[in-house]
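A.B. asks: One gets the numbering used here by counting positions in the sequence shown from 1 and adding 18 to each. All residues carry an ideal CB built from backbone N, CA and C; glycine is no exception. What you are looking at is a predicted structure, and each value in this text was computed from that prediction instead of being measured.
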Amino acid sequence: MPPEIVLQTQRLSKRFKQRWAVRDLNLEILQGDVFGFLGPNGAGKSTTIRMLLSLIRPTSGDIRLFDEPLTMSQHRALRRVGGIVEKPDFYLYLSAVRNLEIVGALYGGVDRRRMMEVLELVGLKDRAFDRVKTYSHGMKQRLGIAQALLSDPELVILDEPTSGLDPQGMKEVRDLIIHLARDQRKTIFLSSHLLSEIELVANRMAIINRGELVVQGEVSRLLEEGEQYVMIRAEPLRKARAILRRLTRFVHSMSEAGESLKVVMSFDDIPAVNRSLVRSGVAVHAIVPRRSLEDYFLALTEQSLSDGPNARVSGKTQRQ
Ligand SMILES: Nc1ncnc2c1ncn2[C@@H]1O[C@H](COP(=O)(O)OP(=O)(O)O)[C@@H](O)[C@H]1O
Ligand SMILES: [Mg+2]
19 MPPEIVLQTQ RLSKRFKQRW AVRDLNLEIL QGDVFGFLGP NGAGKSTTIR MLLSLIRPTS
79 GDIRLFDEPL TMSQHRALRR VGGIVEKPDF YLYLSAVRNL EIVGALYGGV DRRRMMEVLE
139 LVGLKDRAFD RVKTYSHGMK QRLGIAQALL SDPELVILDE PTSGLDPQGM KEVRDLIIHL
199 ARDQRKTIFL SSHLLSEIEL VANRMAIINR GELVVQGEVS RLLEEGEQYV MIRAEPLRKA
259 RAILRRLTRF VHSMSEAGES LKVVMSFDDI PAVNRSLVRS GVAVHAIVPR RSLEDYFLAL
319 TEQSLSDGPN ARVSGKTQRQ
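1) To which residues of the same chain is R33 closer than 6 angstroms at the C-beta, ignoring the five residues directly before and after it?
2) Assess, as a yes-or-no matter, whether the segment 256 to 268 is touched by the segment 230 to 239 under the definition of 3 or more beta carbon pairs within less than 8 angstroms.
3) Can you tell me where the beta strand (DSSP E) holding R222 begins and where it ends?
4) Would you tell me roughly how many angstroms separate the C-alpha atoms of T319 and S209, rounded to the nearest one?
5) Counting Cβ pairs, one atom from each stretch, are 3 or more of them under 8 angstroms apart for the segment 119 to 131 and the segment 183 to 200?
6) Contact check, V150 vs L161 under 8 angstroms by CB: the rounded distance?
7) Is the segment 310 to 317 touching the segment 239 to 251, taking contact as three or more C-beta pairs under 8 angstroms?
8) Please list, in chain order, all residues of the same chain as P307 whose beta carbon is under 6 angstroms from its beta carbon, the five residues on each side excluded.
9) What does the alpha-carbon distance come out to for the pair V128 and L279?
10) Out of curiosity, what's the CA-to-CA distance linking Q165 and V269?
11) Please name the residue in G54, P20, R131 and D42 whose C-alpha comes closest to that of M223.
12) Just to check my reading of the structure: A252 and V300 have Cβ atoms closer than 8 angstroms, yes? What is that Cβ distance to the nearest angstrom?
13) Once DSSP output is grouped into helix, strand and coil, what is the label at L48?
14) Check whether the Cβ atoms of V136 and L112 sit closer than 7 angstroms, and answer yes or no.
15) Using only CA atoms, which one of V296, L213 and V219 lies nearest to P8?
16) What does the alpha-carbon distance come out to for the pair G101 and M283?
17) Going by C-alpha distance, which of I305, E230, S294 and L212 is nearest T27?
18) Tell me whether A39, by its Cβ, gets closer than 6 angstroms to a heavy atom of ligand 1.
19) Ignore the nearest five residues each way along the sequence and tell me which others in S273's own chain have a CB closer than 6 angstroms to its CB.
20) Can you tell me which of the three DSSP states G16 falls into?
21) Terminal residues of the continuous beta strand (DSSP E) containing Q234?
22) Skipping 5 residues on each side, what residues in its chain have a beta carbon closer than 6 angstroms to that of E22?
23) Is the closest heavy atom of ligand 1 to the C-beta of T180 under 6 angstroms?
24) Tell me which residue opens and which closes the alpha helix (DSSP H) that A260 is part of.
25) Per DSSP, what kind of secondary structure is F285 in: helix, strand or coil?
26) Please report the straight-line C-alpha distance between V302 and R267, rounded to a whole angstrom.
27) Name the residue from S271, D51 and R29 whose alpha carbon lies nearest to the alpha carbon of Q202.
28) Per DSSP, what kind of secondary structure is M19 in: helix, strand or coil?
29) Tell me, please, which residues DSSP counts as bridged to P307.
30) Name the DSSP beta bridge partners of P87, please?
31) Where are the alpha helix (DSSP H) runs, 4 residues long or more, that stay fully inside the segment 143 to 193, in chain order?
32) Quick one: is the Cβ of S64 within less than 6 angstroms of any heavy atom of ligand 2?
Encoded structure:
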């Protein structure tokens, strides 16, 4: 049996005045997915998530949740969804439990036991009765996830849950997401502006840029599809090049890129290539694995920075 489609958008679009923040977006999230929604700042991630959670109305297009159309009047399916949009807000002078009680009252039927359950799930049980004011940024982020989990949703939608966290905080949130997917059998949709973050947790992903879908598919496939290459910085460079040229078993092609050599080869062969260079007396400063998806996304990010966050929507970068 093919996996159930949990969430599907068809030509989903949102226009603010003259500007399309999201345009003709087709997404498909399958049951059990950790689905990464990747895009540079201003790409339209939060706008999409707001539409998915029915916080704003699409200008056009459709959303299907659990095989039911999601309209403003039809909110039944939303009971099976939990989410946070951008930074979750809390009453800082109240405890985590008190904050959850307030949100729980909105849902109805959330008891103290469930609150302690979700706090335990996100690793905040010991701090449940401390004021949120005393929490680190990472703890607040995890409390946001706890809030999204209160109603025990099947689909959890998280908007940049690791944004602004230090590496340790990022890892904690990542581990939590993996735990939710693997052990709690949740389907997770999370956005990020970092490919490295998506890569570590997601099995499927979509890249969005200027409101439009660029590519969608399995993470491993998308990463493999592009060629693998390494950047080698070594001294003397000329000697390194001569040696690499002889390593035809490993090196598929080579070109010069500034002070480095761009070498198309499998990452599996890095140790062997490194050994050959070192044995021949070349000083190897760095061998950096790169993939074209990474370059591609980096280029998107730089482009959107130079355009500014309010660049007009255009479809020029479509790569489907
Ligand atoms: N309420 C709004 N009114 C007008 N423009 C908006 C509004 N919300 C978002 N935008 C614009 O829509 C685009 C996408 O924003 P957003 O969805 O927040 O991107 P992301 O979450 O990917 O950083 C941006 O150009 C942003 O300025
Ligand atoms: Mg956003």
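C.D. replies: Considering the structure as presented:
1) T77
2) no
3) R222 to N227
4) 15 angstroms
5) no
6) 7 angstroms
7) yes
8) V248 and F285
9) 59 angstroms
10) 51 angstroms
11) G54
12) 5 angstroms
13) strand
14) no
15) Residue 8 falls outside the range modelled here, since the chain spans only 19 to 338, and no answer is possible.
16) 42 angstroms
17) E230
18) yes
19) K280
20) Lying before the first or after the last residue shown, residue 16 is absent from the chain, which here runs from 19 to 338.
21) E230 to E236
22) Q49
23) no
24) L255 to R264
25) helix
26) 20 angstroms
27) D51
28) coil
29) V248
30) R82
31) 155 to 167
32) yes
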